[in-house]
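Novice:
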Ligand SMILES: [Zn+2]
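Numbering (the numbering used here), first residue to last: 184 to 553.
What follows is the structure in structure tokens.
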């Protein structure tokens with residue numbers, strides 16, 4: 184490199200021409216040329232000046248975002264030790280951060296605690312040793328968060344009933360976790376649902392999950408014979424013969440009722456991860472206090488025809504089949520499902536999509552949109 188053309192000399196000459204000759208376009212142009220030459224030698228100060236000139240729109244960038252280009256250059260200059268670039272970046276980033284903070288604060292100011300359809304603030308604080316699923320609704324930093332915590336206990340009645348317990352358990356827990364997510368409820372209010380699972384060894388306060396292996400089938404068969412009530416007996420018989428999974432929540436679902444999920448396998452083995460994940464997702468919906476959304480005439484349910492509730496219609500696959508978790512276990516958890524979970528824990532009452540033999544109150548979440 185020729186001594187006269189060292190980056191220091193190019194840069195200092197460039198600065199002199201550019202900054203000291205406001206009214207001489209030709210000299211200013213010559214100054215820029217010299218600065219760019221120094222910049223091509225990776226001179227940190229020239230990089231800083233070029234970045235500033237880009238930010239001030241004196242220099243134009245051929246492709247891409249000028250601001251990104253200039254900031255990258257600033258970073259390069261600061262890394263090379265140029266103090267002005269570092270100072271600039273500090274103030275720039277702080278300014279940027281302040282703007283974001285301001286926006287976050289604004290959003291937080293606009294957000295309000297979750298309210299129901301009547302505009303009343305919803306309070307949920309269900310926890311304790313008698314509630315297998317704890318539900319707490321909190322308003323934190325402008326966000327409504329419903330935390331559902333449960334201690335899952337797997338019970339096996341026979342040693343070799345399952346070929347791969349770990350895989351089965353992972354599928355079930357995964358299915359339960361599918362209820363986590365971001366939802367919009369009660370007129371479009373944002374609600375974050377966080378499902379938290381523990382697996383501590385406890386006597387009470389568990390969500391019990393049992394895979395129905397052959398020994399259970401025998402037990403069910405004898406239990407059936409002892410049930411006097413015909414409809415209950417037929418129900419159990421139907422579950423056993425068709426190997427349908429099911430959840431029980433005591434005599435009647437409540438926050439404190441004991442909660443069991445029985446998982447059956449049509450093939451007899453429990454290896455199908457995808458399938459058991461979806462099954463657990465559906466059955467956990469029952470544990471959360473939701474009824475089934477079946478097509479007509481199943482288990483004496485009336486059926487919910489397309490066109491009955493606008494929340495469900497978008498999910499209708501046919502006249503009487505919905506792509507929703509409480510209808511088909513492969514279906515997704517919807518905003519409306521979460522609205523029903525909120526109401527179940529708020530009111531301490533099961534939320535139904537339909538009546539069973541003309542009995543039961545239909546969830547007030549239905550028919551009002553989300
Ligand atoms: Zn069900």
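Cβ coordinates follow ideal geometry from the N, Cα and C atoms, glycine included.
Taking residue 326 as part of the beta strand (DSSP E), name the residues at either end of that continuous run.
Specialist: 326-337
Novice: Measuring straight from C-alpha to C-alpha, what distance separates residue 382 and residue 328?
Specialist: 22 angstroms
Novice: Does residue 423 pass the burial test, meaning 16 or more other C-beta atoms within 10 Å, or should it be called exposed?
Specialist: buried
Novice: Near residue 200, what residues of its chain come up, given a Cβ to Cβ distance below 6 angstroms and the 5 sequence neighbours on each side ignored?
Specialist: 210, 213 and 214
Novice: Give me every residue whose Cβ sits closer than 6 angstroms to any heavy atom of ligand 1, in chain order.
Specialist: Having a Cβ closer than 6 angstroms to some heavy atom of ligand 1 are 465, 469 and 475.
Novice: Would you call the stretch 257-273 and the stretch 225-232 in contact, with 3 or more CB pairs under 8 angstroms?
Specialist: yes
Novice: Please determine, among 306, 309, 393 and 367, the residue with the shortest C-alpha to C-alpha distance to residue 348.
Specialist: 393
Novice: Please classify residue 507: does DSSP put it in a helix, a strand, or coil?
Specialist: Three-state DSSP puts residue 507 in coil, outside helix and strand.
Novice: Go through its chain and collect everything with a Cβ distance to residue 302's Cβ below 7 angstroms, but skip five positions before and after it.
Specialist: none
Novice: Rounded to a whole number of angstroms, what is the C-alpha to C-alpha distance between residue 341 and residue 356?
Specialist: 21 angstroms
Novice: Going by C-alpha distance, which of 405, 294, 532 and 261 is nearest residue 324?
Specialist: 294
Novice: Three or more C-beta pairs under 8 angstroms: does that hold for the stretch 366-375 against the stretch 402-411?
Specialist: no
Novice: Taking only the alpha-carbon atoms, compute the straight-line gap between residue 446 and residue 277 and give it to the nearest angstrom.
Specialist: 55 angstroms
Novice: Kindly give me the distance between the Cβ atoms of residue 305 and residue 524, rounded to whole angstroms, as I take these residues to be in contact under 8 angstroms.
Specialist: That pair is no contact at about 12 angstroms.
Novice: Does residue 255 pass the burial test, meaning 16 or more other C-beta atoms within 10 Å, or should it be called exposed?
Specialist: By the neighbour-count rule (16 or more Cβ atoms within 10 Å), residue 255 is not buried but exposed.
Novice: From the DSSP secondary-structure annotation, give me the bridge partner or partners of residue 490.
Specialist: Beta-bridge pairing links residue 490 to no other residue.
Novice: Which first and last residues belong to the beta strand (DSSP E) in which residue 406 is found?
Specialist: It is not in any beta strand (DSSP E) - residue 406 instead sits in the alpha helix (DSSP H) that spans 397-409.
Novice: Consult DSSP for residue 424 and reduce its assignment to one of helix, strand or coil.
Specialist: Three-state result, residue 424: helix.
Novice: Helix, strand or coil: how does DSSP classify residue 456 here?
Specialist: helix
Novice: Give the DSSP bridge partners of residue 394, in chain order.
Specialist: 446
Novice: What's the call for residue 473, buried or exposed, on a 16-neighbour Cβ count within 10 Å?
Specialist: buried
Novice: Straight-line CA distance for residue 455 to residue 443?
Specialist: Their backbone Cα atoms lie some 21 angstroms apart in a straight line.
Novice: Within its chain, find whatever has a CB closer than 6 angstroms to the CB of residue 538; leave out the 5 residues flanking it on each side and keep chain order.
Specialist: 485
Novice: Would you kindly check if the distance between the Cβ of residue 546 and the Cβ of residue 534 is under 8 angstroms?
Specialist: yes
Novice: To the nearest angstrom, how far is it from the Cα of residue 470 to the Cα of residue 431?
Specialist: A straight-line Cα-Cα distance of about 8 angstroms links residue 470 and residue 431.
Novice: Counting C-beta neighbours from all protein chains within 10 Å, is the total for residue 253 16 or more, i.e. buried, or is it exposed?
Specialist: buried
Novice: What are the partner residues of residue 429, as DSSP defines its beta bridges?
Specialist: 445
Novice: Over what stretch of residues does the beta strand (DSSP E) that includes residue 344 continue unbroken?
Specialist: Taken as a continuous stretch (DSSP letters only), residue 344 belongs to no beta strand (DSSP E), as it is neither H nor E.
Novice: Alpha carbon to alpha carbon, how far is residue 346 from residue 173? Give it in angstroms, no decimals.
Specialist: Residue 173 lies beyond the stretch modelled for the chain, which goes from 184 to 553, so this question has no answer here.
Novice: Going by CA-CA distance only, name the one from 374, 504, 429 and 510 that's closest to residue 298.
Specialist: 374
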